[in-house]
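> Sending over a structure as structure tokens; questions will come in a sec.
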Amino acid sequence: MLTRTISLLALAAMLIASTSLLLTSVAMASTFGRAESQRSVDKYDELLDKALAALASGDAVEAEKVSFALTMLDDARCEGHAVLGAALARRGKSAESKAAFDAAKSKANGTTVRLVELIALTAVAAPVPTPVPVLVPVPTPPKPAASQPALDWCDVVAAEPDPAVVTDAEARARMTATKLPWKVRDLMTGIVMLLCPPGEFTMGSPASEAGRWDDEAQHSVTIRKAFYLSETEVTQEVWQKVKGANPSNFKGANNPVEQVSWNDCQSFCQSSGLRLASESEWEYACRAGTTGAYAGDLASMAWFGDNSGRSALDADALWKRDSSRYVQQLIDNGCQTHPVKQRKPNAWGLYDMHGNVWEWCEDGYAESASSTQQASTGNVGARVLRGGGWNGGASDCRSAYRTYYAPGYSNDFLGFRVARTSE
């Protein structure tokens with residue numbers, strides 16, 4: 001495009017330079033016959049074809065060479081601008097082209113006439129940048145829809161959803177319909193993110209679900225805009241890259257960062273141009289089209305109190321039996337976080353949506369969860385957490401389970417994942 005612009009500007013300069021010759025020669029035009037005029041029109045038309053072909057191919061040198069030949073053509077023998085009008089007429093242009101040229105010439109009061117503008121507007125697709133106001137408005141043709149809209153904040157890892165990863169066929173179709181790339185890598189943080197398509201789902205849990213709480217009332221939610229969610233929880237390596245320090249208790253580059261408050265997560269997001277998911281976005285992505293208590297077999301998908309230590313436990317039973325000794329028993333068993341992506345993902349390819357660390361959401365807690373995609377303002381002194389963690393029982397890991405902490409609170413079972421709006 002730059003080459004074509006330079007060529008057109010060069011053409012402009014040369015054609016304008018020849019305009020004074022054209023104008024002063026008009027009075028001589030009637031002394032020559034039609035045959036002579038026709039030959040000049042033929043020649044002008046031939047040269048114009050060459051100039052435009054050179055512009056189309058991006059050959060600036062050839063365009064300038066041909067445009068020089070155009071300026072050397074003696075327009076006086078062809079009734080001034082009539083040679084241009086005739087050449088344009090051959091290209092299927094209406095009489096309005098010549099009329100517009102006449103109007104431009106009249107307004108110029110005998111000074112520079114914008115031959116190049118008329119050529120550019122009537123003979124090539126791209127408009128020519130010019131400091132002079134356009135006299136002949138020409139509508140810009142609509143651009144064809146791109147097969148993959150450009151996202152300037154990420155690299156595309158995979159354009160189309162992998163059926164081996166996104167096992168939900170209906171979701172794959174909705175992902176493809178967005179024309180957005182499925183898997184991308186955020187340029188600033190290196191975080192890999194997956195596309196979550198628009199759709200509807202039932203948020204909350206039925207009264208019959210084991211472990212259900214009163215704040216899990218079922219309601220329909222429409223996710224109107226596609227969004228991206230990180231494939232995993234934010235790791236210690238990524239956190240340290242962005243923030244320069246690692247606050248985690250259970251150290252490991254690929255372990256999820258923990259000991260981070262909601263406020264800490266907001267600081268991370270502001271540094272990187274990302275955000276926390278809303279509570280409704282989080283549950284929508286966690287469920288990935290499922291309607292049960294979990295998005296699959298919990299033991300194979302999650303690190304939680306039953307399996308995050310050296311030996312198997314029944315964390316829910318431990319809590320019911322003696323809640324005062326619950327935490328110490330987990331510690332004695334070596335329960336802790338684990339590297340991300342070690343358990344099975346859900347049907348949309350997202351890892352650790354159940355377990356490992358509890359994940360902060362954007363919302364302030366309210367007894368009734370948001371019925372829209374947007375985060376609920378709720379109680380800003382209590383921010384929502386989802387998903388359960390290495391220290392929780394199976395009931396805490398349910399897709400619908402909700403809890404909350406103060407935004408300044410941190411602990412070694414609290415972490416997060418990030419989201420980004422698709423635009």
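The numbering of the sequence shown is this note's numbering, which starts it at 1 and goes up by one.
For every residue, glycine included, the Cβ atom is placed at its ideal position computed from N, Cα and C.
#1: Out of Gly252, Gly415, Val166 and Arg343, which has the shortest C-alpha to C-alpha gap to Cys361?
#2: What would DSSP say about Met188, mapped onto helix, strand or coil?
#3: Under a three-way DSSP split, which group does Ser395 fall into?
#4: If Leu385 and Glu231 are in contact, beta carbons under 8 Å, what's the gap, nearest whole angstrom?
#5: Any contact of the stretch 239-251 with the stretch 324-333, i.e. 3+ C-beta pairs under 8 Å?
#6: Going along the chain, which residues of its own chain have a beta-carbon closer than 7 Å to the beta-carbon of Ile252, five neighbours each way excluded?
#7: What is the C-beta distance between Asn391 and Phe413, in whole angstroms, given that I count them as a contact (C-beta under 8 Å)?
#8: What number of angstroms, rounded off, separates the C-alpha of Asn254 from the C-alpha of Lys320?
#9: What three-state label does DSSP hand Tyr326 in the structure shown?
#10: Can you tell me whether DSSP reads Met353 as helix, strand or coil?
#11: Whose CA, out of Glu170, Thr178, Thr167 and Asp168, lies closest to the CA of Ala159?
#12: DSSP has Asn411 in a bridge; who is on the other side?
#13: Going residue by residue through the stretch 291-316, where are the continuous alpha helix (DSSP H) segments of at least 4 residues, counting only ones entirely within it?
#14: For Glu359, write down the residues that DSSP places opposite it in a beta bridge.
#15: Mapping the DSSP letters down to three states, classify Phe268 as helix, strand or coil.
#16: Is it true that the CB of Glu200 sits closer than 7 Å to the CB of Thr222?
#17: Using a 10 Å radius around the Cβ and a threshold of 16 neighbouring Cβ atoms, would you call Met301 buried or exposed?
#18: If you draw a straight line from the C-alpha of Cys269 to the C-alpha of Leu229, how long is it?
#19: DSSP three-state label for Val242, please.
#20: Where does the unbroken beta strand (DSSP E) through Ser220 begin, and where does it stop?
#21: Using only the heavy atoms of the ligand SAM, determine whether one of them is closer than 6 Å to the beta carbon of Ser271.
According to the structure shown:
#1: The sequence position of residue 361 within the sequence shown is 361, counting from 1. Nearest in C-alpha terms to Cys361, of all of Gly252, Gly415, Val166 and Arg343, is Gly415.
#2: Here residue 188 is taken as the residue at index 188 of the sequence shown, counted from 1. Three-state result, Met188: coil.
#3: Translated into positions along the sequence shown, residue 395 becomes position 395. Helix, per DSSP.
#4: Taking the sequence shown and counting its residues from 1, the one referred to as residue 385 is at position 385. Taking the sequence shown and counting its residues from 1, the one referred to as residue 231 is at position 231. Incorrect: roughly 20 Å between the Cβ atoms, too far for contact.
#5: By the C-beta criterion, the stretch 239-251 is judged not to be in contact with the stretch 324-333, since fewer than 3 inter-stretch pairs fall below 8 Å.
#6: Start at 1 with the first residue of the sequence shown, and residue 252 comes out as number 252. A quick correction: the sequence has Gly, not Ile, at residue 252. Hits under 7 Å: Gln236 and Pro339.
#7: Here the question's residue 391 lines up with position 391 in the sequence shown. Here the question's residue 413 lines up with position 413 in the sequence shown. Sure, about 5 Å apart at Cβ, within 8 Å.
#8: Translated into the one-based positions of the sequence shown, residue 254 becomes position 254. Translated into the one-based positions of the sequence shown, residue 320 becomes position 320. It is roughly 33 Å from the alpha-carbon of Asn254 to the alpha-carbon of Lys320.
#9: Here residue 326 refers to the residue found at position 326 of the sequence shown. In the structure shown, Tyr326 sits in a helix (DSSP, three-state: H, G or I).
#10: Along the sequence shown, one-based indexing puts residue 353 at 353. In the structure shown, Met353 falls within a coil segment according to DSSP collapsed to helix, strand and coil.
#11: Residue mapping note: residue 159 aligns to position 159 of the sequence shown, counting from 1. Answer by Cα proximity: Thr178.
#12: The residue given as residue 411 occupies position 411 in the sequence shown. In the DSSP output, where bridge partners are listed per residue, Asn411 has none listed.
#13: Counting whole runs of 4 or more residues, the stretch 291-316 contains the alpha helix (DSSP H) stretches 298-301.
#14: In the sequence shown, residue 359 corresponds to position 359, counting from 1. For Glu359, which the question treats as bridged, DSSP gives the partners Arg386 and Gly415.
#15: Position 268 of the sequence shown holds residue 268. In this structure, Phe268 counts as helix in the three-state DSSP scheme.
#16: Stepping through the sequence shown from its first residue, residue 222 is reached at position 222. Stepping through the sequence shown from its first residue, residue 200 is reached at position 200. Yes, Cβ-Cβ distance for Thr222 and Glu200 is below 7 Å.
#17: Locating residue 301 in the sequence shown gives position 301, where the first residue counts as 1. With 16 or more other CB atoms across the displayed protein chains lying within 10 angstroms of its CB, Met301 is buried.
#18: For the purposes of this step, residue 269 is taken as residue 269 along the sequence shown, with counting starting at 1. For the purposes of this step, residue 229 is taken as residue 229 along the sequence shown, with counting starting at 1. Rounded to whole angstroms, the separation of the alpha carbons of Leu229 and Cys269 is 13 Å.
#19: Indexing the sequence shown from 1 puts residue 242 at position 242. Val242 falls in the helix class under three-state DSSP.
#20: Residue mapping note: residue 220 aligns to position 220 of the sequence shown, counting from 1. His219 to Ile223 is the span of the beta strand (DSSP E), which, as asked, contains Ser220.
#21: Only the bare structure without any ligand can be found here, which leaves the ligand SAM out of the picture.
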